[in-house]
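Heads up: the protein sequence lines correspond to chains A and B, in order.
Residue numbers for the first sequence follow the working numbering, beginning at 281 and rising by one.
Residue numbers for the second sequence follow the working numbering, beginning at 281 and rising by one.
There are 2 protein chains.
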Amino acid sequence: MPNITIIGTGLIGRAWAITFARAGHSVVLWDTAAGAAAQAVDYITSVLPDLAANNLLNGSAPEELLARISVTDQIETALAGADHIQENTPERLEVKQAVFAELDRLAPKTAVVASSTSALLPSSFTESLPGRHRCLVVHPINPPYLIPAAEIVPSPWTDPEVVEQTRALLVSAGQAPIVMKRELDGFVMNRLQGALLEEAFRLVADGYASVEDVDIGIREGLALRWSFMGPFETIDLNAPGGVRDYVERYNGLYQNLFNQMQRRADWLGPVLDQIESERRQVLPSADLHERQVWRDRRLMALAAHKRKAATDIGT
Amino acid sequence: MPNITIIGTGLIGRAWAITFARAGHSVVLWDTAAGAAAQAVDYITSVLPDLAANNLLNGSAPEELLARISVTDQIETALAGADHIQENTPERLEVKQAVFAELDRLAPKTAVVASSTSALLPSSFTESLPGRHRCLVVHPINPPYLIPAAEIVPSPWTDPEVVEQTRALLVSAGQAPIVMKRELDGFVMNRLQGALLEEAFRLVADGYASVEDVDIGIREGLALRWSFMGPFETIDLNAPGGVRDYVERYNGLYQNLFNQMQRRADWLGPVLDQIESERRQVLPSADLHERQVWRDRRLMALAAHKRKAATDIGT
Chain A
281 MPNITIIGTG
291 LIGRAWAITF
301 ARAGHSVVLW
311 DTAAGAAAQA
321 VDYITSVLPD
331 LAANNLLNGS
341 APEELLARIS
351 VTDQIETALA
361 GADHIQENTP
371 ERLEVKQAVF
381 AELDRLAPKT
391 AVVASSTSAL
401 LPSSFTESLP
411 GRHRCLVVHP
421 INPPYLIPAA
431 EIVPSPWTDP
441 EVVEQTRALL
451 VSAGQAPIVM
461 KRELDGFVMN
471 RLQGALLEEA
481 FRLVADGYAS
491 VEDVDIGIRE
501 GLALRWSFMG
511 PFETIDLNAP
521 GGVRDYVERY
531 NGLYQNLFNQ
541 MQRRADWLGP
551 VLDQIESERR
561 QVLPSADLHE
571 RQVWRDRRLM
581 ALAAHKRKAA
591 TDIGT
Chain B
281 MPNITIIGTG
291 LIGRAWAITF
301 ARAGHSVVLW
311 DTAAGAAAQA
321 VDYITSVLPD
331 LAANNLLNGS
341 APEELLARIS
351 VTDQIETALA
361 GADHIQENTP
371 ERLEVKQAVF
381 AELDRLAPKT
391 AVVASSTSAL
401 LPSSFTESLP
411 GRHRCLVVHP
421 INPPYLIPAA
431 EIVPSPWTDP
441 EVVEQTRALL
451 VSAGQAPIVM
461 KRELDGFVMN
471 RLQGALLEEA
481 FRLVADGYAS
491 VEDVDIGIRE
501 GLALRWSFMG
511 PFETIDLNAP
521 GGVRDYVERY
531 NGLYQNLFNQ
541 MQRRADWLGP
551 VLDQIESERR
561 QVLPSADLHE
571 RQVWRDRRLM
581 ALAAHKRKAA
591 TDIGT
């Protein structure tokens with residue numbers, strides 16, 4: 281079973297550690313800041329009981345999972361036996377370039393080197409590396425141990441075998457990899473999110489709907505089916521003859537809407553004051569952290585529900 | 281408690297009947313086709329046991345709920361005691377105009393007349409009516425007894441008191457109304473869906489991702505948080521300082537993506553062949569109906585989960 285090395289143990293790195301250790305991998309944590317990796321283990325220790333209570337540890341006890349995680353302050357030690365390296369350092373190009381140069385220099389030649397970046401294309405920080413063929417992006421939605429989707433994004437020089445090996449690793453760890461055919465700004469998920477947010481901002485900016493109305497339309501409406509089918513399967517089941525029938529019926533309607541969407545609301549303009557005002561009325565700033573804890577508990581319960589529904593009703 | 285009259289008892293009308301009867305209302309069904317209303321009651325009878333098994337009947341037994349539903353083939357009888365009339369006839373302008381003229385002529389002057397239309401603006405079929413102030417759109421996602429969101433869309437001449445009365449009726453029936461401030465093509469939900477679908481079609485047409493990859497990105501990714509928070513609350517919790525912090529961090533990223541989205545994939549072109557081909561490989565046409573049954577069972581289980589999570593963890 282491949283050995284995993286986590287480089288950078290902030291929110292994303294520590295979440296990856298849980299994901300891989302849960303799947304049975306040995307995981308080594310390293311961070312440039314002294315003591316950061318040990319703090320990450322403290323955090324992981326604090327999260328595991330809730331995961332166990334929701335039956336989200338693959339049958340492992342928290343202590344078994346923790347026994348698979350080790351820390352080191354020597355990067356050479358961290359990389360020595362690595363098969364897959366997951367990098368989670370700050371989202372600045374010069375940082376990624378320096379870190380990837382070091383990882384490519386020190387890691388075993390057979391190890392895959394993956395970045396969790398959401399904002400940078402893999403070509404932008406791997407082009408000049410001798411081992412650029414084994415570098416790519418694996419972008420999670422945080423935390424990956426509750427949200428299975430992860431984007432695998434190759435650069436033009438990533439070896440297809442490395443892509444396949446990474447895909448298989450993620451699948452065996454219970455993730456749902458999206459394998460992009462080539463790199464693209466925003467990958468898949470942030471592009472889909474961005475497209476939806478543009479319309480959400482326009483609707484509020486133009487005074488047609490409130491922030492809460494938009495959230496209701498998704499959380500009590502569209503996202504219910506999307507949360508177990510996705511948008512293409514949803515429309516495939518929404519016309520008697522499937523997706524072709526749907527598109528033939530509604531293309532004109534959507535064409536008309538698209539024509540109305542060719543201007544961007546200024547996200548930093550008055551609409552932001554309005555959105556912030558509406559949000560702070562229902563959730564004061566002081567309660568943001570507590571609400572993030574609530575979100576993660578709801579995500580855990582949803583993950584447990586989806587697993588049960590998949591067993592009872594099917595996927 | 282207001283009396284409900286359902287005009288047109290196809291898929292949407294019969295689903296509204298379940299929704300209102302479950303909330304304790306007396307519901308009268310009428311359809312222009314002989315026997316259609318009785319068929320709707322047969323359908324409702326067949327659905328109730330599954331809803332009861334998922335604890336989705338508000339504690340009523342199926343037979344109690346059925347006792348609140350009656351049928352008539354006389355439209356005058358159907359409308360005689362109505363407080364709220366929900367119209368569900370075919371989506372053609374001339375049909376809606378004729379039906380609304382008749383309903384406005386025959387219904388008690390105090391009754392609200394609501395259309396389930398998804399495609400037509402309320403102004404387009406109510407302008408010339410003497411009672412146009414009491415007409416509006418209440419657009420559900422089907423079936424409303426499993427999907428709470430419903431759009432209330434006033435025309436320019438809809439009485440605000442009628443909007444408020446309709447909102448209160450839906451809330452008391454357990455729905456989550458979106459109250460639009462004024463009418464707009466596509467309302468809120470189809471606009472949000474359309475914006476996301478445009479990018480989904482582009483990603484597939486341009487060869488960056490498969491149909492299944494897009495669906496994974498939503499059903500195993502973005503829609504998990506969206507299914508209990510919506511997109512604005514999601515970004516509000518995704519930066520340490522809330523939504524303003526999020527927008528200030530990522531506006532540039534989304535502006536760049538928006539600039540790349542200013543062209544429409546031809547939905548009826550080669551991309552449709554590809555989407556249909558991918559979908560029919562995982563779901564042959566002959567299995568579409570069975571899959572719709574699966575979808576509704578998953579929706580029921582999700583509704584039951586959300587109710588439990590709201591109680592256990594909070595909303």
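Glycine included, C-beta positions come from ideal geometry on N, C-alpha and C.
Subject >> Reference SER350 (chain A), options A:ARG578, A:PRO388, A:ILE427 and A:LEU309, closest by Cα >> reply: Minimum Cα distance to SER350 (chain A) is reached at A:LEU309.
Subject >> Start-to-end residues for the beta strand (DSSP E) that takes in PRO434 (chain A) >> reply: 429-434
**OP:** Can you grab the Cα-Cα spacing for the pair LEU483 (chain A) / SER490 (chain A), in whole Å?
**Re:** 8 Å
**OP:** Could you give the DSSP three-state label for SER350 (chain A): helix, strand or coil?
**Re:** In the structure shown, SER350 (chain A) sits in a strand (DSSP, three-state: E or B).
Subject >> Complete runs of the beta strand (DSSP E) confined to the region 510-580 of chain B [at least 3 residues] >> reply: none
Original post:
What residues from chain A crowd round ASP465 (chain B), counting only those whose CB sits closer than 9 Å?
Top reply: Counting only Cβ-Cβ distances below 9 Å, ASP465 (chain B) has contacts in chain A at LEU533, ASN536, LEU537 and GLN540, in chain order.
**OP:** Measuring only between beta-carbons, confirm whether ALA360 (chain A) sits less than 8 Å from chain B.
**Re:** no
Subject >> Three or more C-beta pairs below 8 Å linking the region 520-535 of chain B and the region 514-526 of chain A >> reply: no
**OP:** For MET469 (chain B), collect the residues of the same chain with a Cβ closer than 6 Å to its Cβ; drop the 5 residues on either side in sequence, then sort them by chain order.
**Re:** none
**OP:** Report the partner residues of PRO410 (chain B) according to the DSSP bridge assignment.
**Re:** According to DSSP, PRO410 (chain B) bridges with nothing at all.
Original post:
Which two residues bound the contiguous alpha helix (DSSP H) that contains SER326 (chain B)?
Top reply: 316-333
**OP:** Kindly list, in the order they appear in chain A, the residues whose Cβ is closer than 9 Å to that of ALA589 (chain B).
**Re:** The contacting residues are ARG577, ARG578, ALA581, LEU582 and HIS585.
**OP:** Give the DSSP bridge partners of GLU356 (chain B), in chain order.
**Re:** For GLU356 (chain B), which the question treats as bridged, DSSP gives no partner whatsoever.
Subject >> GLU444 (chain B), buried or exposed, once every other Cβ within 10 Å from all chains shown has been counted against 16 >> reply: exposed
Original post:
When you compare only the Cα positions, how much space is there between GLN554 (chain B) and SER398 (chain A)?
Top reply: 28 Å
**OP:** Given a cut-off of 8 Å, decide if MET509 (chain A) and ASP495 (chain B) are closer than it, judged by their beta-carbon atoms.
**Re:** yes
**OP:** Can you check DSSP and say which residues form a bridge with SER395 (chain B)?
**Re:** B:GLU367 and B:VAL417
Original post:
Closest Cβ-Cβ distance between ASP330 (chain A) and chain B: below 8 Å?
Top reply: no
**OP:** Could you list the residues in the region 502-517 of chain B with a C-beta less than 9 Å from some C-beta on chain A, going in chain order?
**Re:** LEU502, ALA503, LEU504, ARG505, TRP506, SER507, PHE508, MET509, GLY510, PRO511, PHE512, GLU513, THR514, ILE515, ASP516 and LEU517
Original post:
Residues in its own chain within less than 6 Å of THR369 (chain A) by CB, not counting five upstream and five downstream?
Top reply: GLY288, VAL375 and VAL379
**OP:** To the nearest angstrom, report how far apart GLY549 (chain A) and ASN531 (chain B) are at their CA atoms.
**Re:** 11 Å
Subject >> Same chain only: Cβ atoms within 8 Å of PRO402 (chain A), ignoring 5 sequence neighbours per side >> reply: SER395, CYS415, LEU416, VAL417, VAL433, PRO434, SER435, THR438 and GLU463
Original post:
Beta-carbon of ILE298 (chain B) versus every beta-carbon of chain A: anything under 8 Å?
Top reply: no
Original post:
Taking the alpha carbon of LEU409 (chain A) as the point to measure from, which residue in A:ILE421, A:LEU386, A:GLU431 and A:SER306 has its own alpha carbon closest?
Top reply: A:LEU386
Original post:
So which residues on chain B does TRP310 (chain A) lean against when the C-beta distance must stay under 7 Å?
Top reply: Within chain B, no residue comes near TRP310 (chain A); the closest Cβ sits about 24 Å away, beyond 7 Å.
Subject >> DSSP three-state assignment for TRP437 (chain A), whether helix, strand or coil >> reply: coil
Subject >> Partner residues on chain B for GLY594 (chain A), Cβ-Cβ distance less than 7 Å >> reply: TRP574
Original post:
To the nearest angstrom, how far is it from the Cα of GLY304 (chain B) to the Cα of PRO282 (chain B)?
Top reply: 9 Å
Original post:
Apart from the five residues on each side of it in sequence, which residues of its chain come closer than 8 Å, Cβ to Cβ, to ALA475 (chain B)?
Top reply: none
**OP:** Spatial neighbours of ALA332 (chain A) within its chain, please: CB distance less than 6 Å, with the 5 preceding and 5 following residues excluded, ordered by chain position.
**Re:** PRO342
Original post:
Do you know offhand how far TRP547 (chain B)'s Cα is from THR357 (chain B)'s?
Top reply: 46 Å
**OP:** Compare the C-beta of GLU500 (chain B) against all C-beta atoms of chain A and say whether one is closer than 8 Å.
**Re:** yes
Original post:
What residues match up with ALA448 (chain B) in a beta bridge as DSSP calls it?
Top reply: ALA448 (chain B) is not bridged to any residue.
Original post:
For ALA381 (chain A), which three-state DSSP category applies?
Top reply: helix
Original post:
With a cut-off of 8 Å, does the C-beta of VAL443 (chain B) fall near any C-beta of chain A?
Top reply: For VAL443 (chain B), the answer is no, since every Cβ of chain A falls outside 8 Å of its Cβ.
**OP:** Assign VAL562 (chain B) to one of two classes, buried (16 or more other C-beta atoms within 10 Å of its C-beta) or exposed (fewer than that).
**Re:** exposed
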